[in-house]
Amino acid sequence: MSIETAHAAYDSKIEGNIIFTQLDAAINWMRKNSLWPMPMGLACCAIELMATASSRFDIARFGAEVMRFSPRQADVMIVAGTVTYKMALAVKRIWDQMPEPKWCIAMGACASSGGMYRSYAVLQGIDRLIPVDVYISGCPPRPEALIDGFMRLQRKIQGEKSVVEQKKEFFASLRD
Ligand code: SF4
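Read the sequence shown against our numbering and you will find it ends at 1033, with the numbers running on by one and no gaps.
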């Protein structure tokens, strides 16, 4: 079974409730259901980000309600707002402080592409500085759109290589 299709399988016919799976599938299942966001709120989109954490939308359903303001404790950065050059290097520095594995969501037009600000003061997309896994359109996106972004990220994580393969790439990058 490939990593992309590997999921935890439950067979209730076997006495003792046995679960069959692969290590990658199990680790990715745990990772995708316990994402700890680093809320990088930079402008108006951050208001919708805060609304997403409220009881009405309840991102605890996805295990992602634990917003961390310490990068050492976070594994998904949500860039929500206009990234000015003045802030851009601070965002990059915080990203660098987050431990691997980590992911990034660009929430809204500004974070994804600079939005309406074709300005000397604004970075034209946070992907010019850090790798983005999920882009969310809108100005601002509604909380449902951010939840959809979380679900897209979860699908991406489910298909990722974990542990052994990730370490191989890490050691290869040290050799380069
Ligand atoms: S995309 Fe729109 S709502 Fe979001 S930060 Fe930019 S201007 Fe504000």
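Note that CB positions come from ideal geometry on N, CA and C, so glycine has one too.
If you reduce the DSSP assignment to three classes, tell me which class residue i lands in.
i, result
"Tyr942", "helix"
"Trp893", "coil"
"Leu963", "For the record, residue 963 in the displayed sequence is Ala; it is not Leu. Strand."
"Gly898", "strand"
What whole-angstrom Cβ distance do residue i and residue j have, given they're in contact under 8 Å?
i, j, result
"Trp952", "Arg925", "That pair is no contact at about 14 Å."
"Tyr974", "Thr939", "6 Å"
"Met964", "Ile935", "6 Å"
"Gly898", "Ala937", "5 Å"
"Leu986", "Ala945", "6 Å"
"Val948", "Ile983", "7 Å"
"Val933", "Met895", "7 Å"
What does DSSP give as the partner residues of residue i in its beta bridges?
i, result
"Ile993", "Met964"
Using a Cβ-based criterion (distance less than 7 Å to any ligand heavy atom), does residue i qualify as near the ligand COA?
i, result
"Ala966", "The model depicted lacks the ligand COA and carries the ligand SF4 instead."
request  = Indicate whether the contact test is met: 3 or more Cβ pairs, each with one atom in the segment 980 to 991 and one in the segment 956 to 971, closer than 8 Å.
outcome  = yes
ask   = Which runs of the alpha helix (DSSP H), 4 residues or longer, sit entirely within the segment 903 to 957?
value = 942 to 954
message = Under 8 Å, with one C-beta from each stretch per pair, do the segment 993 to 1001 and the segment 897 to 909 reach the 3-pair mark?
response = yes
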